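Contents: one structure, followed by commentary.
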Amino acid sequence: MISIDGLAVEFSGTTLFSNISFVVNDKDRIALMGKNGAGKSTLLKIIAGAQTATKGKISAPSDAVIAYLPQHLMTDNKRTVFEEASQAFSEALNMQTEMDALNQELTVRTDYESEEYYAIIERVSVLSEKLYSHGEINFDAEVEKILMGLGFERSDLARPTSDFSGGWRMRIELAKILLRKPDLILLDEPTNHLDIESVQWLENFLVTSAKAVIVISHDRAFVDSITTRTIEVTMGRIYDYKVNYSSYLQLRKERREQQQKAFEEQRRMIADNQEFIDRFKGTYSKTNQVQSRVKMLEKIEILEVDEVDISHLRLRFPPSPRSGSYPVIAEHVSKSYGDHVVFKDASLTIQRGEKVAFVGRNGEGKSTLIKAIMSEIDYDGKLSLGQNSLIGYFAQNEASLLDESISVFQTIDDV
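Taking our numbering, the leading residue of the sequence shown gets 52, the next gets one more, and so forth.
In C-alpha cells form, the structure reads like this:
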C-alpha cells in the first residue's frame, strides 16, 4: 500500500494543487484524469520520486518498487534491444555473478575457521535469499516474450537501440518496466507509440499480470478496459471514484449538476439577503436583523463549480491552392533494406479530397511508404505528385526535433 499525504505543489506563487491525499492499494488500477495543465503528470512524477512536492509526503514500504514511464523519453546507447531490455534484471544478474564468484572462491580457500571465510559464507547466504525472492525465472525467455508482445520482431532483438526511433525506444523502456514486475506502475500516455495489437497486448498484461497501476491516457477505450478506479484532478483538488472511466463520466456529470444547483441556490440566497440589508440598513426596527445577516454573509463560504474542459483547437488555415484530381499516384512501388522486403509492387491513387488511413502492424511499411511519398528515401517504382500538390508532413519523431530553447511563437513564426 502506497500513501499520498497532503501533497501541494506551487510554481512561482501559483498553486497547481493543494492538500491532495489518497491511498494506492495493492491491486488498484487507477486512471488519472483532468484537463491539460491540471497537474496529472506532475503528480505522477512526485509519486515516482522524479519531482519534489512543495508540501506533503509519499509513504511506501521500504522494499516497494515503483516504476515510471514518462510521456517523453529518449534512450540511446550501444546496447542491442535485447541487452537493453535485460537491464531490468541487472540487479539479479549481478547478484548471480557475485554469488558464483564467491562460491568459486570457497572451493579454493582452506582457512575454514577464519573470519573472512565465514564472511563469504554469510554473503553467499544473503545473495541466495535475495535471488530466491525473484523465483525461478528464465530471464531470456521473459525478455523475448515482453519485447515481442510490444511489437518487436525476433530479428529486431539483436539490433542496436540507436537504430530505432524515439517511439520504439520508449517501448524498450516500457518492456524494462514490465519485466521488473513493480509494485506500482506509473504510465504517462503509454499508447502513443503502440499499434493496435500492442495496445491490446498491454491491456491484457496490465489486467492479468500487473500489480497496482496509475495511468494517464487520452485513449478512452484503453483506459476503460484496464482501470477500476478514476481519480480526477481539477481546480487544485481531487475527486476519487471507485469506478472505471465510463462510469466516472456519468458520476462526474451528476456531481457537477449538484454543484451547479447548490451554487445557484447559494447565489440567490446571498442576493436576497443583500437586498434585505440594502433596503433596511437605515431602519432602526430592523437593525438587529440587518446586522445578523451582514455577519452571516461575512462568514459564508462561497461554493465553487468544478471547471469543465471545453478547450479545443481554434485553428484557421488559409485556403490551399486547388490541386490536380490525383494528388498522389503510386505505381508498382517497392522498398527493401538489403534482403528484407518492406513492401513490394504497391500501387495506389489518392483522389483530391480523400481522407486515407494507412493501417497495419508495426514494421509492415506504413511510415516507409510515407517517407517514399515525401522523397526522403530511395525506392523502386514510380511515385508522382499531382499539379499544385503541397504536402504537410508530421513524422513520429517530430516532437523530438523541436528546438526547446525557443518559444512556441518563435517555433511557429520560423515556419
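Ideal placement from N, C-alpha and C gives every residue a C-beta, glycine not left out.
In this text, all values refer to a predicted model and were calculated from it rather than measured experimentally.
Using beta-carbon positions only, say whether T278 and R80 come within less than 8 Å of one another.
-> Locating residue 278 in the sequence shown gives position 227, counting from the first residue. Locating residue 80 in the sequence shown gives position 29, counting from the first residue. Judged by their CB atoms, T278 and R80 are nearer to each other than the 8 Å cut-off.
Let me know the secondary structure DSSP gives T158 once reduced to three states.
-> Looking up residue 158 in the sequence shown gives position 107. Three-state result, T158: helix.
Using three-state DSSP, classify M286 as helix, strand or coil.
-> For this step, residue 286 is matched to residue 235 along the sequence shown. Coil at M286, not helix or strand.
Could you give the distance in angstroms between the alpha-carbon of D291 and the alpha-carbon of L198?
-> As a working note, residue 291 is residue 240 in the sequence shown. As a working note, residue 198 is residue 147 in the sequence shown. Approximately 34 Å between the Cα atoms of the pair.
Grouping DSSP H, G and I as helix and E and B as strand, with all else coil, what is L205?
-> On the sequence shown, residue 205 is found 154 positions in, with the first residue counted as 1. A small correction: the amino acid at residue 205 is Arg; Leu does not occupy that position in the sequence shown. Three-state result, R205: helix.
Between the beta-carbon of T285 and the beta-carbon of A139, is there less than 8 Å?
-> In the sequence shown, residue 285 corresponds to position 234, counting from 1. In the sequence shown, residue 139 corresponds to position 88, counting from 1. No, the Cβ-Cβ distance between T285 and A139 is not below 8 Å.
When you compare only the Cα positions, how much space is there between D323 and L348?
-> Walking along the sequence shown from the start, residue 323 turns up at place 272. Walking along the sequence shown from the start, residue 348 turns up at place 297. Near 11 Å, if we compare the C-alpha coordinates of L348 and D323.
Would a C-beta distance cut-off of 8 Å place A101 and I117 closer than the cut-off?
-> If you number the sequence shown from 1, residue 101 lands on position 50. If you number the sequence shown from 1, residue 117 lands on position 66. No.
If we count Cβ pairs, one from each stretch, closer than 8 Å, do we get three or more for the segment 424-437 versus the segment 383-398?
-> Three or more beta-carbon pairs separated by less than 8 Å link the segment 424-437 to the segment 383-398, which places the two stretches in contact.
Measure the C-alpha to C-alpha separation of L235 and T212 and round it to an integer number of angstroms.
-> In the sequence shown, residue 235 corresponds to position 184, counting from 1. In the sequence shown, residue 212 corresponds to position 161, counting from 1. If I take the Cα positions, the gap works out to 26 Å.
Under 8 Å, do S110 and S54 count as touching if we go by C-beta distance?
-> Here residue 110 refers to the residue found at position 59 when the sequence shown is read from its first residue. Here residue 54 refers to the residue found at position 3 when the sequence shown is read from its first residue. Their beta carbons are under 8 Å apart, which means S110 touches S54 by this criterion.
Limits of the beta strand (DSSP E) - the one that R80 falls within = Translated into positions along the sequence shown, residue 80 becomes position 29. Residues R80 to M84.
How close, in whole Å, do the beta carbons of V194 and F133 come, if the pair is a contact with beta carbons under 8 Å?
-> Taking the first residue of the sequence shown as position 1, residue 194 is located at position 143. Taking the first residue of the sequence shown as position 1, residue 133 is located at position 82. With 8 Å as the limit, V194 and F133 qualify as a contact, their Cβ atoms being about 6 Å apart.
Output the boundary residues of the beta strand (DSSP E) element that contains L434.
-> Here the question's residue 434 lines up with position 383 in the sequence shown. Start and end: D431 to L436.
Three-pair Cβ contact test at 8 Å for the segment 57-75 versus the segment 241-256 | As far as the Cβ criterion goes, the segment 57-75 does not touch the segment 241-256, which means the pair count is below three.
Candidates V294, R130 and T148: which alpha carbon is nearest E224's?
-> Along the sequence shown, one-based indexing puts residue 224 at 173. Answer by Cα proximity: R130.
In terms of residues, what are the limits of the alpha helix (DSSP H) holding E195?
-> Within the sequence shown, numbered from 1, the residue matching residue 195 stands at position 144. For E195, the uninterrupted alpha helix (DSSP H) run begins and ends at F190 to G200, by DSSP.
Whether I401 touches V407 by CB criterion (8 Å) = Position 350 of the sequence shown, counted from the first residue, corresponds to residue 401. Position 356 of the sequence shown, counted from the first residue, corresponds to residue 407. It is a contact, given that the beta carbons lie within the stated cut-off.
Would you report the Cα separation of K196 and G375, rounded to the nearest angstrom?
-> Locating residue 196 in the sequence shown gives position 145, counting from the first residue. Locating residue 375 in the sequence shown gives position 324, counting from the first residue. Distance between the alpha carbons of K196 and G375: 48 Å.
Own chain, CB closer than 8 Å to N76, minus 5 neighbours either side, in chain order | Numbered from its first residue, the sequence shown carries residue 76 at position 25. Non-local C-beta neighbours of N76 in its own chain, meaning closer than 8 Å and more than five positions away in sequence, comprise M52 and A263, ordered along the chain.
Put N324 into one of helix, strand or coil per three-state DSSP.
-> In the sequence shown, the residue the question calls residue 324 occupies position 273. When DSSP states are grouped into helix, strand and coil, N324 belongs to the helix group.
Please classify S458: is it buried, with 16 or more other beta-carbons within 10 angstroms of its beta-carbon, or exposed?
-> Looking up residue 458 in the sequence shown gives position 407. When all chains shown are included, S458 counts as exposed.
So the alpha helix (DSSP H) T462 belongs to, where does it begin and stop?
-> Sequence index remark: in the sequence shown, residue 462 carries index 411 (1-based). T462 -> alpha helix (DSSP H) spans V459 to D464.
Thinking C-alpha only, which one of N255, E308, V393 and L441 is nearest S418?
-> By one-based count along the sequence shown, residue 418 stands at place 367. Closest option to S418, judged by alpha-carbon separation, among N255, E308, V393 and L441: V393.
Do S276 and E248 have their C-beta atoms closer together than 8 Å?
-> Start at 1 with the first residue of the sequence shown, and residue 276 comes out as number 225. Start at 1 with the first residue of the sequence shown, and residue 248 comes out as number 197. Against a cut-off of 8 Å, the Cβ pair of E248 and S276 comes out as no contact.
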